[in-house]
Each structure stands twice: as C-alpha cells, then as structure tokens.
Amino acid sequence: MKKIFVKYGAWVVIGVMFLMLIPGISQRISVESNNNKVTVSFLYSNIANKVSEEKLDSVMDEFKQMGVTTVSVMEDDINYLVARGTVTSIKYNVLCHKYDEQSIQIAKFIKERCPDISYDSHLLFTSDVRLKEFLKYSLPRRFSDADYADVGTIDGLDIYVFYDGRKELWDYALGYNEEQIRILKDKGFDIALVHKVKNYANTEYLEDIDRIVKEYDVEYMNIKSDSYEYDDSEKNHENYRGISDIINSNDMTLVVTENTNQLSNQKCFGYAYIFDNAMKADGPRKVLRSYETYDDTNADETNYLYRTKQFFNSTIDRNLRFITVTLPVPPKVSHDDCADNMIKSTKLFIEKAKRAGYEFAPRTGRVDYTPNKTLNSAICAVIMVMCVLVALEMILGKKSFILTLSAFVLSALAFVGTFVIPASLLVLYPMAYSVVHSCFAMTVFLFFLKKTKDRLPLLALILSGVGVLVGTLLVGAVVQGVLLSGINYYVNNDIFRGIKLSLLVPIAYTAVVFYIMFIKKSKSGFLTDVANMLNANIKVYWLLIGCVVAAVGVYYIIRSGNVNEISSIEQFVRSTLTEIFPARPRTKEFLVGYPAVVLLIYYVKRTNADAVKWILAVAASIVVASVANSFCHVFTDFTTIVSRTINGLIIGACIAFVAYVANFVLVKVAKIVSKKIDTEMR
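Per the numbering used here, the very first residue in the sequence shown carries number 2; after that it's consecutive.
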C-alpha cells in the first residue's frame with residue numbers, strides 16, 4: 002500500500018482535481034463559442050467633420066449596402082461645434098488683447114457681468130438660432146454657476162463663459178443632437194450612444210439621455226473615460242449611477258472601449274459600478290469590447306489593408322466584438338480618398354470575418370459567465386503542489402514516502418487556505434500556475450528524453466518527445482483556462498499579472514534542471530562539472546552551432562514582451578501567416594523553440610557535446626514559456642489559443658526540418674574544416 006501511495010498517489014490526485022475542472026473549462030468554451038456575433042459601427046462625428054455632406058451621404062449608403070447598420074453618436078462638445086462652424090470659442094485673454102472697437106465692447110460687457118472671470122477662461126459665442134435654444138436648455142442641466150455663466154446677448158451673439166480654462170474644449174460636452182439622431186434613425190441606422198462619463202454638478206441631463214434611448218430604441222451605450230481628472234471631494238456619484246440605471250432599465254448592451262496599449266479598458270468615472278450593475282443577476286448581462294483607432298499610418302491607397310488586419314486581429318486575438326470604424330487621415334491623402342479607403346478596409350474585414358465563422362448582428366445576447374473562482378483556485382493549488390512533487394521526483398530520479406506525504410499535507414492546507422485568504426490574493430494563482438505549468442512540462446519532456454534516448458530510434462524519439470512536450474502543455478493549459486475564466490477576465494477588466502515572470506523563469510529553470518539531469522556527475526560538484534565542460538575538447542562545429550543558438554537567444558530576449566516596432570521582414574511573415582492561419586502562431590515558438598527542441602533531441606541522442614546541449618535546452622524552453630504565456634491571454638478564446646499552439650507546431654515542424662537539414666550540412670562542413678585545420682596544424 003505504501004509503495005502504491007508513493008508511486009501513484011500524486012497522479013491520482015492530479016487526475017481527480019483535473020476532472021473537477023472539466024465543467025469550468027466546458028463553460029468557458031461554450032460561452033466563447035456563442036460569442037461570435039460582431040457589430041460594426043462607424044463613428045458619425047469623426048467622419049462628418051472631415052468630408053463633405055455629399056460624400057458623407059455616399060459613405061453611409063455604402064455602409065448600409067455592406068450590412069453596417071449601426072452608427073455611433075457622440076455628444077456634441079464645444080470643440081465639435083467649433084469645427085462645424087456653428088460657434089466660436091477663444092480664451093478671455095485672447096479677447097482682451099484685441100483692440101478693435103467690437104472686441105473692446107464685448108470684453109467690457111463680459112467683465113461687467115462676470116467680475117470673477119479668469120484670463121484663462123473659455124468664451125463661447127453663437128448666433129445660430131437653433132443652437133441658442135439648445136444651449137439655454139442644455140447647459141443648466143449639466144453645469145452649475147461655478148462652472149459657467151450665461152453672460153447675455155450683444156450684437157446678436159449669445160455669450161457664455163466657461164471658467165476652468167485648464168479643461169480642453171472637448172471636455173465640455175453639451176448633449177446629443179437629437180435632430181441628427183432622428184435623421185440617422187430615419188435612414189435605417191441603429192444608434193449607439195458614445196458617452197464620456199463626466200463629473201457634472203447637475204444631473205438633469207440624464208433624463209434627456211433616458212428619453213433618447215427609449216424614443217429611438219438605442220441598443221448600445223459605449224462608455225468612455227473623461228480626459229479631465231477631478232478631486233474625490235468634488236465628485237458627484239449620481240452621474241455614473243444614473244448612466245447605470247439607464248443601461249439596466251432599458252436592457253441595453255454595455256460597450257467598453259479597449260485602451261490604446263491593449264492593457265485593459267478605459268476605466269471611466271464609476272466604471273466598476275456600471276459594469277457590476279449591468280452584469281448582476283437581474284441586469285441586462287450584455288457587454289461588448291470596442292476597438293477603434295485614430296492611427297493615421299498605413300491608411301492610404303497602398304496600405305489600407307493594414308486597417309483590415311487591425312480589425313480582424315482584434316476580433317480574433319482580443320475578443321473585440323464591437324468594431325468602431327473611424328476615419329484616419331494621413332498626410333497628403335484627401336479626406337474623400339481616406340473615406341474610400343475606410344470603406345474598402347471595412348468591407349474586406351467583414352468578408353474575412355464571415356469566412357472565419359463570425360456573424361454580424363445588430364443585437365447582443367445575454368452572457369451568463371460566473372465561475373466559482375475560489376473553488377477553481379483551490380483545485381489549482383492542489384494541482385500545483387502535486388506537479389512540484391512529481392517534478393522533484395523526476396529531477397532526483399527517486400521517490401520518497403516522506404516527500405509524498407509532505408506534499409499531500411501541503412496540498413490539503415493549500416486547498417483549505419484558499420477559502421480563507423483575502424479574495425484579492427487569488428489574482429496571484431494564475432501567475433504562480435503559469436510558472437509551474439511551463440516548468441512541469443519541461444521537466445516531463447527532459448525526463449522522457451533521458452529515459453528513452455537509448456531505447457528509441459532518432460525519428461521516433463523526436464516525434465514522441467515533441468508529442469510529450471506539446472501534450473503536457475495542452476493538458477496543463479486546461480487548468481490555466483479555468484483560472485482565467487469569468488466575464489471580468491474575458492472583457493479584460495482583470496489582467497494577467499506576471500508576463501515577464503512567466504517568460505523568463507522557465508528558461509532559468511531549464512538551465513538548472515538540464516544541468517542536474519544530463520550534465521551533473523554524481524560525485525562531483527557544480528563548479529567541477531562546469532570546469533570539466535569548459536575544458537572539454539570542443540569541435541569547431543560545436544562552437545559554430547553554439548554561436549548560432551546564442552544569437553537566437555539574444556533575438557528572443559529582444560522580442561520578449563510588447564514591442565511596438567518590428568522589422569519589415571517579420572511584418573511580412575506575420576501578415577502571410579495571418580492569411581493562412583487566422584489564429585497566427587507566435588513567432589518565437591516556430592522560429593526558435595521547435596527547431597531547438599528537435600536539435601536538442603538530436604544532440605542528446607548522437608553527441609556528448611554538453612555545452613551545445615545545454616544551450617539548446619535553454620532555447621527549447623522558449624516553447625514552454627511561450628505556449629504557457631499564450632494561455633495567459635485572458636481576452637482570447639481558449640480554442641483560439643489551442644489553434645494558435647497547433648499552428649505553431651505545424652510551422653515549427655517545417656522550420657525544425659529545415660534546421661535539422663542545415664545542422665546536418667553544417668556538421669558535415671564543419672567536420673571537413675576541422676579536419677583540415679587539424680591536418681595543417683600538424
């Protein structure tokens with residue numbers, strides 16, 4: 002019984018715990034597979050400000066023809082109205098520096114009625130009759146007397162002062178243009194309201210938004226953060242609570258916008274309250290992530306396809322299901338041409354996404370996605386302890402009853418302790434597991450290689466070794482998939498912490514473990530082993546191969562993490578692979594990792610070049626680090642990551658074959674060169 006406990010106990014516990022996670026991963030896959038509906042919307046004000054009315058009508062007609070029936074409407078702000086030419090705005094100090102009679106009279110008129118005005122304050126002038134009525138109605142429903150002043154009328158101009166000149170003109174939102182919304186609705190478009198949640202002193206404007214939502218059957222509320230920071234003591238929390246009530250009472254879809262750095266979303270004033278309220282049991286439970294860009298690069302006639310790639314990759318990789326189309330305007334390209342390129346890129350995106358299995362629908366379904374985070378974390382804690390036990394046994398080459406018993410006790414404590422510790426600490430579990438996952442997979446692979454290298458022929462050893470490595474990674478990924486499940490991860494409210502750790506620890510770990518399992522002599526110390534390895538007879542071709550692998554290692558370090566600029570060659574490779582595989586494999590896996598795995602197996606089987614094998618083992622660990630890290634991408638569908646991993650294996654196998662042949666040729670050539678050098682030295 003004791004032998005059975007030591008031999009099989011850990012594996013039995015791992016198996017039982019793994020089975021307990023099956024419902025969790027099944028729920029995640031089910032939710033993600035049903036979330037295949039994409040909404041494309043164009044940002045009306047962004048386009049309307051840049052093209053003629055005739056071109057705007059043409060653009061809207063083309064959008065409708067391709068099935069884009071949703072338009073995003075922002076609140077009019079002072080900056081927008083200035084751009085449209087319906088108001089004029091200058092700073093008070095600018096007016097005071099004018100010396101014409103009218104300016105002097107207006108400045109005096111303002112000073113008499115607003116004696117506390119700052120020289121930095123904004124002034125707003127309008128003679129538009131409709132806009133005069135709109136401002137008279139809208140401003141007091143948002144702003145207090147401390148924010149602005151209705152100065153009065155002079156020479157037919159209504160004048161307003163906005164005291165805080167530190168705010169930009171776009172920080173002063175004035176309300177939605179209902180006439181514009183009515184026209185768009187009459188043309189057959191569904192409306193998505195884009196709303197920057199601001200800190201207004203008065204909240205009567207919320208009644209207007211609620212009325213618009215009801216009257217025009219608005220489905221989407223796209224909340225965004227304000228660019229102006231307020232002191233906590235000044236905040237009026239009724240602003241975000243009111244928006245939340247509008248979303249819930251009208252069964253709207255909450256749309257959150259991804260940050261430009263792709264790390265989480267724009268966290269507006271009251272974001273957590275709005276989100277949690279929308280996702281509670283009796284809430285709408287409908288949420289989408291939005292992608293939009295104002296990047297002007299690669300938007301001309303030659304490169305407009307770049308925008309298609311951005312849309313598509315965002316949909317595939319980052320679970321963005323609400324694509325907000327904007328109008329990038331690069332230099333030297335007319336606005337009308339930019340609009341044509343925007344239409345082309347959007348049309349190609351829709352065609353490509355449909356081929357990939359996505360549907361385009363104007364309505365969103367409910368999301369019921371609330372896993373038991375604490376229980377899943379407790380199960381993961383047990384699996385981590387048992388994986389560490391098994392890995393230690395493989396490294397040491399023996400089993401221990403005391404070690405096994407200690408692991409069982411520790412796993413029991415970890416399971417119970419997970420229910421006791423503060424919930425905030427549960428975010429550390431995915432980070433810890435990402436390290437255990439990759440290190441365990443590498444240990445299993447090296448253990449298998451050590452036990453079978455003398456029994457299996459080279460081809461069988463390569464195929465089975467790669468199979469063991471990838472199989473262990475994919476099975477272990479289920480645990481991470483459950484840990485990172487839930488709506489907050491899926492929409493990227495919660496982010497994975499520890500990216501660099503998950504990429505670098507497996508590499509350092511592999512260097513140590515490979516030394517212990519393949520290089521260390523039982524009776525010698527570490528320094529002695531290193532000295533023997535460094536003093537060994539090194540063939541020239543071993544040195545050449547070591548240099549190649551070292552160069553690859555430098556490339557990996559440079560390319561780890563988020564890199565904004567990549568070479569044109571790598572961009573071409575990425576674009577080509579994206580056309581072949583929608584779930585594009587990661588470059589470091591197929592270009593570095595898998596070739597290193599195959600060469601490692603070859604050198605372990607055929608040579609005694611410990612230094613080369615050690616370097617190759619470290620390079621091979623890039624596979625486990627990269628694959629494990631891929632499953633930490635919280636906003637990517639689990640099946641998409643699996644597809645990416647398999648695609649990486651396919652491409653990696655092809656490149657590994659080339660590397661194997663190149664290695665074979667290099668060895669032959671290097672042997673000839675080495676032999677010639679030896680002959681000449683004699």
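The C-beta atom is built at its ideal place from N, Cα and C for all residues, glycine as well.
Check whether the Cβ atoms of residue i and residue j sit closer than 8 Å, and answer yes or no.
i, j, result
"T316", "Y359", "yes"
"T646", "S622", "no"
"I324", "V41", "yes"
"V257", "V69", "no"
"V391", "L411", "no"
"V599", "I463", "yes"
"F337", "V625", "One detail in the question is off: residue 337 reads as Asp in this sequence, not Phe. In this structure, V625 does not lie closer than 8 Å to D337 by Cβ."
"F270", "F312", "no"
"L427", "T473", "no"
"W171", "D246", "no"
"L484", "C339", "no"
"A84", "N47", "no"
"L264", "I496", "yes"
"N203", "K236", "no"
"T419", "S486", "no"
"T641", "A584", "yes"
"K353", "T405", "no"
"R131", "Y206", "no"
"A362", "K38", "yes"
"Y177", "I155", "no"
"Q267", "S226", "yes"
"E220", "D191", "yes"
"V643", "L475", "yes"
"N36", "R322", "yes"
"N94", "D117", "no"
"I396", "I517", "yes"
"A442", "G477", "yes"
Sort out for me which residues DSSP pairs residue i with in a bridge.
i, result
"K92", "H123"
"R212", "Per DSSP, none; premise fails for R212."
"M222", "L194, L255"
"S73", "L44, A193"
"V39", "F361"
"L264", "For L264, which the question treats as bridged, DSSP gives no partner whatsoever."
"V668", "According to DSSP, V668 bridges with nothing at all."
"V288", "L255"
"F78", "Correcting the residue identity first, residue 78 is Asp in this sequence and not Phe. DSSP lists A174 as partners of D78."
Just checking my contact of residue i with residue j at CB under 8 Å: how many whole Å lie between their CB atoms?
i, j, result
"C633", "Q481", "7 Å"
"E654", "Y603", "Before going on, a small fix: residue 654 reads as Ala here, not Glu. Between Y603 and A654 the Cβ distance is about 14 Å, and since that is not below 8 Å, they are no contact."
"M75", "V162", "So it is not a contact: roughly 24 Å between Cβ atoms."
"N249", "S291", "N249 to S291, Cβ: 19 Å. No contact."
"V198", "Y241", "5 Å"
"S401", "S503", "About 29 Å separates the two Cβ atoms, so there is no contact after all."
"D159", "L136", "7 Å"
"K454", "V605", "5 Å"
"L175", "S119", "Not confirmed; about 21 Å, so no contact."
"L601", "A618", "6 Å"
"I5", "I384", "Not really, about 21 Å apart at Cβ, beyond 8 Å."
"K92", "G166", "6 Å"
"V368", "I488", "6 Å"
"F126", "V88", "7 Å"
"L20", "V479", "That belief does not hold up - the Cβ atoms of L20 and V479 are roughly 10 Å apart, past 8 Å."
"D318", "T637", "6 Å"
Runs of 4 residues minimum, wholly inside the stretch 317-391: which ones carry the alpha helix (DSSP H) assignment? 336-356
Just list the beta strand (DSSP E) runs in the stretch 126-181, keeping only unbroken ones of 3 residues or longer that don't cross its boundaries, in chain order. 149-155, 158-163, 174-176
Taking contact to mean 3 or more Cβ pairs, one atom from each stretch, closer than 8 Å, check whether the stretch 276-294 and the stretch 241-256 are in contact. yes
Take every Cβ of the stretch 26-33, pair it with every Cβ of the stretch 338-349, and state whether three or more of those distances are shorter than 8 Å. no
Is the stretch 505-521 touching the stretch 443-450 in the sense that three or more CB pairs, one from each, lie closer than 8 Å? yes
Uninterrupted alpha helix (DSSP H) stretches inside the stretch 474-502 (no shorter than 4 residues): 488-491
Three-pair Cβ contact test at 8 Å for the stretch 140-157 versus the stretch 182-195: no
Alpha helix (DSSP H) runs wholly inside the stretch 608-633, at least 4 long, in chain order: 611-631
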